[in-house]
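The structure appears right after this line, and notes come after that.
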Amino acid sequence: MVLREQYLPALWALGEIADQRALPVLDNLLEHGGTGNIAQDSPWHGTLVRALARYGDAVLPILEKSLAAKKYPAASLAIRALGLIG
Numbered sequence: 772m773v774l775r776e777q778y779l780p781a782l783w784a785l786g787e788i789a790d791q792r793a794l795p796v797l798d799n800l801l802e803h804g805g806t807g808n809i810a811q812d813s814p815w816h817g818t819l820v821r822a823l824a825r826y827g828d829a830v831l832p833i834l835e836k837s838l839a840a841k842k843y844p845a846a847s848l849a850i851r852a853l854g855l856i857g
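The sequence shown begins at 772 in the working numbering and counts up by one.
Dropping the structure here:
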């Protein structure tokens with residue numbers, strides 16, 4: 772549901788649950804969901820960043836991959852998530 776319809780409540784739930792099995796979905800969303808016609812300051816991007824940050828150190832390999840790829844806006848979203856992780 773999150774991948775097909777970009778359903779915001781489902782994305783929020785993935786962050787709240789913080790189940791490591793959701794990491795591949797979040798990785799896909801960061802890589803592909805960060806593109807397209809979604810505005811950079813949209814609730815979708817903010818929710819994705821927050822969901823990623825809720826995983827803490829477990830999400831670092833995903834964020835590092837996005838930073839290394841240097842694809843905007845995925846790299847920008849990865850930087851924002853890192854800022855929330857601290």
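Note that the Cβ used here is the ideal one computed from N, Cα and C, for glycine as well. On a predicted model such as this, the values are computed, not experimentally measured, just so you know.
Mind checking whether L838 and A846 have CB atoms under 7 Å apart? yes
Near I856, which residues of its chain fall below 7 Å by C-beta distance, leaving aside the five closest residues on each side in sequence? A824 and G827
Limits of the alpha helix (DSSP H) - the one that V796 falls within: L794 to N799
Expressed to the nearest angstrom, what Euclidean distance is found between the alpha-carbon atoms of A784 and P814? Taking the straight line from one Cα to the other gives about 14 Å.
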